[in-house]
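There are 2 protein chains.
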Amino acid sequence: MANKKKINYVILGLLNHEPLTGYEIKKRIDLSLKFFWSGSFGSIYPALDALEKDGCVEKEEENSGRGRIIYSITDKGRALLREWLMKPAEKDELRYETLLKLFFGGELGREGILVHIQKFEEKIRKELQVLEKYAVNLEKVQDEEEHKYYLLTVRFGIETYRAYLGWCEEAKAVLKQG
Amino acid sequence: MANKKKINYVILGLLNHEPLTGYEIKKRIDLSLKFFWSGSFGSIYPALDALEKDGCVEKEEENSGRGRIIYSITDKGRALLREWLMKPAEKDELRYETLLKLFFGGELGREGILVHIQKFEEKIRKELQVLEKYAVNLEKVQDEEEHKYYLLTVRFGIETYRAYLGWCEEAKAVLKQG
DNA sequence: ATAGCGATATATCAAAATGATATATTAGTT
DNA sequence: AACTAATATATCATTTTGATATATCGCTAT
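One line per chain: the protein sequences are A and B, in this order. The first sequence maps to residues 3 to 180 in the numbering used here. The second sequence maps to residues 3 to 180 in the numbering used here.
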């Protein structure tokens with residue numbers, strides 16, 4: 003019941019690769035998981051506390067410097083991660099405010115909607131460029147198995163974003179003609 | 003600050019088309035907005051209460067039958083909706099547990115990942131069929147302006163899901179070969 | 001007719017997550 | 001020496017979910 007907390011598995015998954023501080027975990031999420039997942043400090047730090055009390059992660063406070071708290075995964079944590087990984091995905095969800103505004107567009111009118119679509123298109127175009135750079139770099143390092151999985155998630159983003167851009171053209175055409 | 007509640011605008015947007023009960027609002031969300039938005043009873047009913055106190059919606063309790071509470075939008079509510087519609091979209095977000103499991107796939111192994119991708123593919127294939135039926139029906143009724151916007155959101159879903167299916171083939175190929 | 005069942009309908013609540021804010025340190029730059 | 005951006009931890013109100021409770025309505029099969 004209390005084990006729906008997805009942030010736990012994100013943390014365990016990242017720590018399974020290397021020990022990290024809470025801050026670094028947030029950075030990893032914003033950099034590598036950004037296109038299909040998110041997480042905030044407000045969930046990360048309490049989750050780290052709870053995972054530590056539960057024996058799923060271990061913490062080590064640095065003596066020198068600013069006393070960063072570096073977390074690493076334990077065997078118990080790895081078991082919990084593996085258990086979750088084997089379960090079927092519970093929820094894949096799209097939540098696009100742009101589409102919500104389009105759906106209610108009658109109240110807004112065509113020009114207003116066009117503005118939303120153009121902003122959406124710009125944003126996607128920029129993010130697509132980032133993803134394409136990631137893909138080029140990842141294709142160079144296809145030695146490690148882990149890079150393969152990472153590349154696949156990037157490829158997912160690229161295919162999806164290209165489809166979005168195609169749709170933007172279609173939508174603009176529909177809105178511009180009568 | 004307290005006006006980030008997106009459920010308010012979903013409710014106002016739906017009521018702007020026709021008066022509805024809380025239950026019917028939930029049904030509309032699950033049927034028409036499903037592919038890009040969600041909402042639960044736990045947010046709908048309290049939001050209706052608050053919107054009513056705020057004068058953005060009006061309620062009318064049925065005398066006969068089970069006494070359903072039918073809500074309709076007020077001028078104030080329509081003004082609030084329009085204000086939100088004009089603002090740029092704040093967040094468009096994908097949250098796919100399947101991709102999270104793929105990203106951490108090293109701990110799971112190729113067969114395990116393939117199972118996730120196959121389940122994902124099946125689910126998308128089914129939902130794509132539903133969307134394609136919607137599109138066919140909507141293309142028949144292209145008289146009303148509102149149907150145009152609805153069709154565009156459906157077209158978005160179709161293009162996106164087709165891209166997903168293309169990616170699934172790619173992913174399976176990568177995972178099956180060395 | 002009536003028992004049973006699925007859909008309709010409203011409501012509440014613990015748990016999860018966000019987003020904002022507070023506070024302090026470190027490293028690099030001007 | 002002052003300034004700035006990045007690092008780092010922490011907390012909290014607000015929002016949302018997902019589950020549960022309760023009751024009624026309409027249909028079907030016995």
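Positions of the beta carbon are idealized from the N, C-alpha and C atoms, including for glycine.
Please tell me whether GLY24/B and ILE46/B are closer than 7 Å, where the distance is taken between their beta carbons.
Counting from one through the second sequence, the residue named residue 24/B turns up at place 22. Counting from one through the second sequence, the residue named residue 46/B turns up at place 44. For GLY24/B and ILE46/B, yes; Cβs fall inside 7 Å.
Here's the rule: buried if 16 or more other CB atoms are within 10 angstroms of the residue's CB, otherwise exposed. What is PHE43/B?
Your numbering for residue 43/B matches position 41 in the second sequence. Per the 10 Å Cβ criterion, exposed.
DSSP state of SER74/B, grouped into three classes?
On the second sequence, position 72 is the one that residue 74/B refers to. SER74/B: strand per DSSP, three-state reduction.
Pop quiz: ASN10/A and LEU53/A are said to be a contact at Cβ under 8 Å. What is the actual Cβ separation, rounded to whole angstroms?
The count along the first sequence starts at 1 and reaches residue 10/A at position 8. The count along the first sequence starts at 1 and reaches residue 53/A at position 51. Confirmed, about 6 Å.
Nearest CA to the CA of PHE38/B: which residue from CYS170/B, GLY159/B, ALA175/B?
Residue 38/B sits at position 36 when you count from the first residue of the second sequence. Checked all of CYS170/B, GLY159/B, ALA175/B; the closest Cα to PHE38/B is GLY159/B.
Residues, ordered as in the chain, of the region 6–28 of chain A that lie near chain B by beta-carbon distance below 9 Å:
LYS8, TYR11, VAL12, LEU14, GLY15, LEU16, ASN18, HIS19
On the three-state DSSP scale, how would you describe LYS61/A?
The sequence position of residue 61/A within the first sequence is 59, counting from 1. Correct three-state label for LYS61/A: strand.
Looking at chain B, is there any beta carbon in it that lies within less than 7 Å of the beta carbon of GLY107/A?
As a working mapping, residue 107/A is identified with position 105 in the first sequence. Chain B, which has a Cβ nearer than 7 Å to the Cβ of GLY107/A, makes this yes.
Short of 9 Å Cβ to Cβ, which residues in the region 55–80 of chain A face chain B?
ARG80
As assigned by DSSP and simplified to three states, the class of ASP145/A:
In the first sequence, residue 145/A corresponds to position 143, counting from 1. Here ASP145/A sits in coil by DSSP.
Would you report the Cα separation of LEU108/B and LYS135/A, rounded to the nearest angstrom?
If you number the second sequence from 1, residue 108/B lands on position 106. If you number the first sequence from 1, residue 135/A lands on position 133. Note that residue 108/B is Gly in the sequence shown, not Leu. Their backbone Cα atoms lie some 23 Å apart in a straight line.
Compile a chain-ordered list of the residues in the region 89–108 of chain B whose CB is closer than 8 Å to at least one CB of chain A.
PRO90, ALA91, GLU92, LYS93, ASP94, GLU95, LEU96, ARG97, TYR98, GLU99, THR100, LEU101, LEU102, LYS103, LEU104, PHE105, PHE106, GLY107, GLY108
Which listed residue (ASP51/B, SER74/B, ARG70/B) has its alpha carbon closest to that of GLU60/B:
In the second sequence, counting from the first residue as 1, residue 60/B sits at position 58. Selected option, being the one with the closest Cα: SER74/B.
Indicate the three-state DSSP secondary structure (helix, strand or coil) for ASP56/B in the structure shown.
Here residue 56/B refers to the residue found at position 54 when the second sequence is read from its first residue. Coil at ASP56/B, not helix or strand.
Beta-carbon separation (whole angstroms), ARG97/B vs ARG97/A, contact threshold 8 Å
Start at 1 with the first residue of the second sequence, and residue 97/B comes out as number 95. Start at 1 with the first residue of the first sequence, and residue 97/A comes out as number 95. Their Cβ separation, rounded to whole angstroms, is 7 Å, which keeps ARG97/B and ARG97/A in contact under 8 Å.
At the 7 Å Cβ level, is GLU148/A part of the contact set with chain B, yes or no?
Within the first sequence, the letter at position 146 stands for residue 148/A. So yes, GLU148/A belongs to the interface.
Taking Cβ-Cβ distances below 7 Å as the criterion, which residues of the region 149–161 of chain B are in contact with chain A?
LYS150, TYR151, TYR152, LEU154, THR155, ARG157, PHE158, GLU161
Consult DSSP for LEU35/B and reduce its assignment to one of helix, strand or coil.
Position 33 of the second sequence, counted from the start, is the residue given in the question as residue 35/B. Reduced to three states, the DSSP call for LEU35/B is helix.
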